[in-house]
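Undergrad:
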Amino acid sequence: MSAPTAEKQKKEDNPPQEEDDYYSEGDSDYDYSDDDPDEPMTESDAENDGQLRRKARGRRRNDKYYGDEDDYSNEYDDDDDDDDYDDDDDNAVAPYGGSAMRDQQQQQGGGKMELASDAKKGIDDEEGLKLKLEVNLDVEIELKAAIHGDLTLSLLKDQVQQQRIITHMNNDHRNTLSLFLEVYNKVPYSQAQTARIEEIRLIGMTISTADNPNSTKSSRTNFLVPFEPALNRYEDARHRVVEMHKHCLKTLGRSDITIQEYRRPRGLGAVLFTICLTVFIAFSRRSNFQPDSALYSNVLGHFPGFATFCYKIQPLLISVMAGIHLSEAAYLAVYRLRPHSVPFGSRVWFLWVVNDFIEGFTTLQRFDALIEEKRALKAQHKSN
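As structure tokens, then:
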């Protein structure tokens, strides 16, 4: 309801002289005047009185907030105005603060924009830092994975190379292992022939020998053959082993040609072998040249004079012949078989020695021919 309508209604209900009594500047209780104590208040009067009281409070509030520009208090902002107005008053109007209010709002707006800009910049910096940390973490993880993968691959590669070296040395270069033990560990020749490599590392090789060479279940003794200086990688093992092999050969007076086979006599050698073997059998006993022997009855009985001659020279002939052939066999064993790494007492060694003892010097010739053949093959292999 508007103010003029309220005043008109008030004039109709009450005398004009009592209007000022409704508005007391110092008293907010709005009590009725004592001039008419006996007059009862009707329901319409109470309703009008309540409306007038609310209008009066509204005018005093408006007078307080709508003053001059200089009298406006900065203590009140938009939020305070909302709190001061009664929720039941739908006609409340937002206060107007003039140029000072606009300046303050502009300053506040600019500050808010700056704060928003700084906040956005801080968020961007934080997100950028997080992104950098994530990228660095990913790179670090990839590097660690690569390093770990490289190490694992390197270890596997080393294990494969170690096993390959061990297998190759045990299968094809047992004589080299024996040389290492003889030179670097002073192992006797006979014991060194049972050499077997057990482990290879960058610092050296572990080589074992049988304590009892004649027993297949004999216990074994380990020897460490060092690499001086130590290897940097297992790819260098072959070159180092070759150098050590040559050093051992020179120290022991051995050859780089290894003989691992026996060749039977052929041609003239076969003829000489047959003759010498027959002589050794015939002159092995003096009684073979007497009439009651099988040899005399079947062969020498037709040549009694030759049988008598053989009977006389038998002791001297067999002694000289055995001595010469034994010397040749010993020479072959010491100056041919051992320098060319034929294991002492092996099948190959036994065949060569017995053949030389029977056949004589032609066996030595055949062995030297075999050495030259091996050397030619080795030279051809190097050239290729």
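Just so we're aligned: 222 in our numbering is position 91 of the sequence shown, and the numbers increase by one with no gaps anywhere.
We put the beta carbon where it would ideally sit given N, CA and C, even for glycine.
Check whether the Cβ atoms of ASN306 and ILE328 lie closer than 8 Å to each other.
TA: Contact: no.
Undergrad: If you draw a straight line from the alpha carbon of THR409 to that of LEU457, how long is it in whole angstroms?
TA: So the two alpha carbons sit approximately 17 Å from each other.
Undergrad: Quick one: does the C-beta of LYS513 sit closer than 7 Å to a heavy atom of the ligand GDP?
TA: Ligands displayed in this structure: none; no statement on the ligand GDP is therefore possible.
Undergrad: By how many angstroms is the C-alpha of VAL291 removed from the C-alpha of PHE488?
TA: Roughly 47 Å between the two C-alpha positions.
Undergrad: My guess is that GLY400 and GLU503 are in contact by the Cβ rule of under 8 Å, so how many angstroms apart are they, rounded?
TA: Actually they do not touch by this definition, with Cβ atoms about 16 Å apart.
Undergrad: Considering Cα atoms alone, identify which of ILE444, ALA464 and GLN293 is closest to LEU362.
TA: Among ILE444, ALA464 and GLN293, the Cα nearest to that of LEU362 belongs to GLN293.
Undergrad: Within the continuous beta strand (DSSP E) that includes ILE105, where are the two ends?
TA: With the chain running from 132 to 515 in the structure shown, residue 105 is simply not present.
Undergrad: Looking only at its chain, what residues have a beta carbon closer than 8 Å to the beta carbon of THR439, apart from the 5 residues adjacent to it on each side?
TA: Closer than 8 Å at Cβ, skipping near neighbours: PHE420.
Undergrad: For the segment 373 to 387 against the segment 469 to 481, are there 3 or more C-beta pairs whose distance is under 8 Å?
TA: As far as the Cβ criterion goes, the segment 373 to 387 touches the segment 469 to 481, which means the pair count is three or higher.
Undergrad: Buried or exposed: ASN343, going by 16 or more other Cβ atoms within 10 Å of its Cβ?
TA: With fewer than 16 Cβ atoms within 10 Å of its Cβ, ASN343 is classed as exposed.
Undergrad: Quick one: give me the first and last residue of the alpha helix (DSSP H) that GLY398 is part of.
TA: Premise fails: GLY398 is in no alpha helix (DSSP H) and is neither H nor E.
Undergrad: Let me confirm a value: THR405 is counted as buried when at least 16 other C-beta atoms fall within 10 Å, else exposed. Which label applies?
TA: Classification for THR405: exposed.
Undergrad: Give me whichever residues DSSP pairs with ARG102 in a beta bridge.
TA: Summary: the structure shown does not reach residue 102, with the chain confined to residues 132 through 515, and so no result is reported for it.
Undergrad: How many angstroms separate the CA atom of HIS512 from the CA atom of ILE444?
TA: For HIS512 and ILE444, the distance between alpha carbons rounds to 53 Å.
Undergrad: Name the two residues that bound the continuous beta strand (DSSP E) containing PHE354.
TA: Here the beta strand (DSSP E) through PHE354 covers 351 to 357.
Undergrad: Rounded C-beta distance between VAL318 and THR337? I'm assuming under 8 Å.
TA: The pair is not a contact, with the Cβ atoms about 14 Å apart (cut-off 8 Å).
Undergrad: Of the choices ALA500, SER415 and ILE296, whose alpha-carbon is the least far from that of VAL373?
TA: VAL373 has its Cα closest to that of ILE296, out of ALA500, SER415 and ILE296.
Undergrad: Quickly, what does DSSP pair ARG327 with across the bridge? List them, please.
TA: According to DSSP, ARG327 bridges with SER339.
Undergrad: So the candidates are SER514, LEU260, GLU258 and LYS505; which of them puts its Cα closest to the Cα of ILE390?
TA: Closest option to ILE390, Cα to Cα, is LYS505.
Undergrad: Measure from the alpha carbon of VAL402 to the alpha carbon of each residue in TYR462, ASN486 and GLN324, then state which is nearest.
TA: Answer by Cα proximity: ASN486.
Undergrad: Output the boundary residues of the alpha helix (DSSP H) element that contains ARG371.
TA: Element bounds for ARG371: 368 to 383.
Undergrad: Kindly give me the distance between the Cβ atoms of VAL356 and TYR315, rounded to whole angstroms, as I take these residues to be in contact under 8 Å.
TA: Their Cβ separation, rounded to whole angstroms, is 5 Å, which keeps VAL356 and TYR315 in contact under 8 Å.
Undergrad: For the alpha helix (DSSP H) that contains ASP425, what are its first and last residues?
TA: Here residue 425 is Ala; the residue named in the question, Asp, does not match the sequence. ALA425 -> alpha helix (DSSP H) spans 425 to 429.
Undergrad: Leaving aside the five residues before and after TYR393 along the sequence, list all residues of the same chain whose C-beta is less than 7 Å from its C-beta, in chain order.
TA: Contacts found: VAL479, LEU482 and TRP483.
Undergrad: Does the Cβ-Cβ distance between CYS407 and LEU310 come in under 8 Å?
TA: No. Outside cutoff.
Undergrad: Are the beta-carbon atoms belonging to GLU459 and PHE411 less than 8 Å from one another?
TA: Against a cut-off of 8 Å, the Cβ pair of PHE411 and GLU459 comes out as no contact.
Undergrad: Quick one: grab the DSSP three-state call for ASP303.
TA: Looking at ASP303 - three-state DSSP - the assignment turns out to be helix.
Undergrad: What's the call for TYR427, buried or exposed, on a 16-neighbour Cβ count within 10 Å?
TA: The residue is buried, with at least 16 neighbouring Cβ atoms inside 10 Å.
Undergrad: I'd like to know whether the C-beta atoms of ARG467 and LEU431 end up nearer to each other than 8 Å.
TA: Not a contact, by the Cβ cut-off of 8 Å.
Undergrad: Taking just the CA atoms, how far does GLY398 sit from PRO435?
TA: The straight-line gap from Cα to Cα measures roughly 32 Å.
Undergrad: Determine the DSSP secondary structure at ALA361, reduced to helix, strand or coil.
TA: In the structure shown, ALA361 sits in coil (DSSP, three-state: anything other than H, G, I, E or B).
Undergrad: Count the other CB atoms within 10 Å of the CB of ILE455; is the residue buried (16 or more) or exposed (fewer)?
TA: Exposed is the call here.
Undergrad: Report the three-state DSSP secondary structure of ASP165 (helix, strand or coil).
TA: Reliability fails at ASP165, whose pLDDT of 43 lies under 50, so the model's placement of it is uncertain and the value that follows must be treated cautiously. Here ASP165 sits in coil by DSSP.
Undergrad: Could you tell me the boundaries of the alpha helix (DSSP H) in which ARG497 lies?
TA: Here the alpha helix (DSSP H) through ARG497 covers 492 to 514.
Undergrad: To which residues of the same chain is ALA368 closer than 7 Å at the C-beta, ignoring the five residues directly before and after it?
TA: Excluding sequence neighbours, ALA368 sits near ILE296, ILE331 and LEU362.
Undergrad: Would SER424 pass as a contact of SER418 if the rule is Cβ separation under 8 Å?
TA: For SER424 and SER418, yes; Cβs fall inside 8 Å.
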